[in-house]
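Reminder that position 139 of the sequence shown reads as 1118 in the numbering used here, one-by-one numbering, no gaps.
Built from N, CA and C at the ideal position, the CB exists for glycine as well.
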Amino acid sequence: MSSHATEPSWQQDVFRVLKAHDVKHIVFVPDAGHSAAIRLAYQDPEINAVVLTTEEEGIGYLAGAWLGGERGALLMQSSGVGNCLNTLALQNCAGFPLLMVVTMRGDWAEFNAWQNPMGQATEASLQLMKVMTWRADQPEDVAPLLHGAATMAFNGDAATALLLGQRLIGEKQWVK
């Protein structure tokens, strides 16, 4: 896997950890914070990279992948968590592994006020739906926290989410 000069190493860590946990399906709605993992998933012949119309589709997709004997992960932005809340009942009732990696918006130095409500409610909303959450704000935290979340999801048939804080991702700038 080659390193790209414009990618922080934590972005490559996301893909590396997913691969180490035998993830075969990476499902996502396109997001700049996940661009490295998405690009690497498309390049890897052992991974099915699937672009979704909406984030909640990923929960059903990953339930099906698990029934078929394969692991997957849902990559999304915090605004997409709001779309998933009702569908998280599927995991809650069926008890299959669900690993989510969430890039945060409305978190720190947000320029778009529309991102703030869900960004501020993301972690609490996930926890209300019985999803275990961890938060990475420093590059060195991403790999160990994602490893822990993946271990708990895949070994315990649990719903887990790693939140990638906006300070980690970097301040977004309004482009005029």
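DSSP bridge partner residues for residue i (one or two, in chain order)
i       : result
Met1055 : Val1081
Ala1028 : Ile1005
Arg1050 : Val1002
Leu1141 : Val1080 and Trp1113
Presumed contact (8 Å Cβ cut-off) between residue i and residue j, rounded CB distance
i       : j       : result
Phe1007 : His1000 : With 8 Å as the limit, Phe1007 and His1000 do not qualify as a contact, their Cβ atoms being about 17 Å apart.
Gly1037 : Leu1031 : 5 Å
Ala1016 : Gln990  : 7 Å
Ala1028 : Ile1005 : 5 Å
Rounded separation between residue i and residue j - CA only
i       : j       : result
His1126 : Glu1119 : 12 Å
Gln1094 : Asn1134 : 33 Å
Val1121 : Leu1107 : 23 Å
Gln1056 : Arg1084 : 7 Å
Ala1044 : Lys1151 : 34 Å
Thr1130 : Leu1053 : 15 Å
Arg1146 : Ala1088 : 8 Å
Val1081 : Ile1148 : 11 Å
Pro1009 : Leu1143 : 15 Å
Gly1048 : Met1097 : 33 Å
Asp1116 : Leu997  : 19 Å
Val1002 : Met1111 : 19 Å
Thr1139 : Thr1066 : 14 Å
Ala1103 : Gly1061 : 11 Å
Glu1025 : Gln1099 : 36 Å
Pro987  : Asp1023 : 20 Å
Short Cβ contact (7 Å threshold) for residue i with residue j
i       : j       : result
Glu1034 : Gly1051 : no
Leu1077 : Gln1070 : yes
Gly1074 : Asp992  : no
Trp1113 : Leu1105 : no
Leu1141 : Ala1132 : no
(request) Go through the segment 1102-1135 residue by residue and report every complete run of the beta strand (DSSP E) that reaches 3 residues or more, in order. (result) 1111-1115
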